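In my numbering, the protein residues as written are 11 to 159.
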């Protein structure tokens, strides 16, 4: 099996449209961009504790409500509850909903799927604000890019 090199990532243009894809994912799924990136980090760990979450949160701006928001909105679920005797802490994992979103982001980044361009599936395309107008133009450009994969 061949090891991935920096040139390999450049050839497939993996990060070329990351910013637009991240903005689309966060806006259409009701999650802010820092939380989304933290979910990607936690998904790579697979099963994690609250200590792992705190360690991953150091690279983002301070938000003392982040953990409760991710739990409340079902982005993170309890995989194993503590029982106060043998298991002294809960173990968590990214929920099915979170994993599906992350996989979809990866597919879009690899060029296997396009960012939705219908108003029903993408709230940005409704173009209600100036930011939405600019992002919708960028989404069309991402989808038209013939060198994205």
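Glycine residues also receive a C-beta, built at the ideal position from the N, C-alpha and C atoms. Here the structure is a predicted model, which is why all the values come from computation and not from measurement.
| query | result |
| --- | --- |
| Neighbourhood of residue 60 by C-beta distance below 8 Å, restricted to the same chain and skipping five residues each side | 77, 99, 100, 102 |
| Run of the alpha helix (DSSP H) containing residue 51, from where it starts to where it stops | 43-55 |
| Run of the beta strand (DSSP E) containing residue 102, from where it starts to where it stops | 101-104 |
| Option in 48, 126, 153, 120 with minimal Cα separation from residue 18 | 120 |
| Which listed residue (105, 34, 45) has its alpha carbon closest to that of residue 73 | 45 |
| Top-ranked residue by Cα proximity to residue 22, from 80, 116, 95 | 116 |
| Endpoints, the alpha helix (DSSP H) within which residue 76 is located | 76-82 |
| Selection from 104, 137, 118, 141 that minimises the alpha carbon distance to residue 155 | 118 |
| Helix, strand or coil at residue 94 [DSSP, three-state] | coil |
| DSSP three-state assignment for residue 34, whether helix, strand or coil | helix |
| Environment of residue 88 [buried if 16+ CB atoms lie within 10 Å] | exposed |
| C-beta contact flag for residue 152 and residue 112 at 8 Å | no |
| Whole-angstrom distance between residue 16 and residue 108, CA atom to CA atom | 28 Å |
| Span separating the alpha-carbon of residue 36 from that of residue 30 | 10 Å |
| Nearest-angstrom Cα separation, counted from residue 26 out to residue 20 | 9 Å |
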